[in-house]
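Remember, the working numbering sits 11 above the position in the sequence shown when you count from 1. By construction, the Cβ of each residue, glycine as well, lies at the ideal position given by its N, Cα and C atoms. Note that the structure is a prediction, hence the values are computed from the model and not measured.
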Amino acid sequence: MGDFFRQTKEKLDFYIAQNAVNLSGGQKQRISIARGLIRETDFYVFDDCFSALDYSTEKKVRDAIRKKLSDRGVLVIAQRVATVRDADEILVIDNGNIVGKGSHRELEERCLVYQEIITSQKKIDKGGSK
């Protein structure tokens with residue numbers, strides 16, 4: 012977000028309209044993440060807050076969060092496998108039930124739902140449809 016504000020004429024005095032209608036979905040999400048990180052706490056929850064970011068930006072944000080919060084508890088709720096693949100532990104929930112638990116590698120090997128998610132996301136990434 013720093014790059015965005017530095018590029019505007021107003022810099023940090025940039026006016027954000029009500030409901031942030033003058034920002035993209037990704038810009039809104041990055042501001043929300045930054046606001047959440049301002050407060051120092053022992054535990055952080057990121058609930059699908061990367062969904063409007065492109066993959067490159069998401070990776071940069073995740074890497075920065077991982078570095079800043081390496082000694083904190085972090086819960087990430089996400090639909091993209093790429094978002095959680097480096098997590099210590101992943102829970103796969105299907106229709107309200109936990110159907111898989113483990114690392115990315117473990118789930119790739121033994122969780123059918125996780126395998127299906129990976130397959131469907133690979134198709135979407137290649138321009139296909141679900």
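Close beta carbons around Arg-83, own chain, < 8 Å, minus the five adjacent residues each side: Stepping through the sequence shown from its first residue, residue 83 is reached at position 72. Contacts found: Thr-52, Asp-53, Phe-54, Tyr-55.
Same chain only: Cβ atoms within 8 Å of Asp-65, ignoring 5 sequence neighbours per side: Numbered from its first residue, the sequence shown carries residue 65 at position 54. Same-chain partners within the cutoff: Gly-37.
Delimiting residues of the alpha helix (DSSP H) encompassing Ile-42: Position 31 of the sequence shown, counted from the start, is the residue given in the question as residue 42. Where Ile-42 is concerned, the enclosing alpha helix (DSSP H) stretches over 36-49.
For Phe-61 and Ile-44, the rounded distance between their alpha carbons: As a first step, residue 44 must be located in the sequence shown, where it is residue number 33. As a first step, residue 61 must be located in the sequence shown, where it is residue number 50. Rounded to whole angstroms, Ile-44 to Phe-61 spans 9 Å at the Cα level.
For Leu-86 and Val-103, believed in contact at Cβ under 8 Å, the rounded distance: To locate residue 103, count along the sequence shown from 1; it is residue 92. To locate residue 86, count along the sequence shown from 1; it is residue 75. Not confirmed; about 15 Å, so no contact.
Asp-74 (DSSP reduced to helix, strand or coil): Along the sequence shown, read from residue 1 onward, the residue named residue 74 stands at position 63. Asp-74: helix per DSSP, three-state reduction.
Neighbourhood of Val-110 by C-beta, 6 Å cutoff - its chain only, sequence neighbours within 5 removed: Here residue 110 is taken as the residue at index 99 of the sequence shown, counted from 1. These residues qualify, in order along the chain: Val-103, Val-124.
Nonlocal neighbours in the same chain, by C-beta distance under 7 Å from Asp-59, ignoring five residues either side: Taking the sequence shown and counting its residues from 1, the one referred to as residue 59 is at position 48. Closer than 7 Å at the Cβ level, and outside the excluded window around Asp-59, lie Ile-88, Ala-89, Gln-90.
Beta-carbon proximity check, Ile-128 vs Val-92, cutoff 7 Å: As a first step, residue 128 must be located in the sequence shown, where it is residue number 117. As a first step, residue 92 must be located in the sequence shown, where it is residue number 81. Yes; because the gap between Cβ atoms is below 7 Å, this pair is in contact.
Assumed close pair Ile-101, His-115 - CB separation to whole angstroms, cut-off 8 Å: The residue labelled residue 101 in the question sits at position 90 within the sequence shown. The residue labelled residue 115 in the question sits at position 104 within the sequence shown. Rounded, the Cβ-Cβ distance is 6 Å, consistent with contact.
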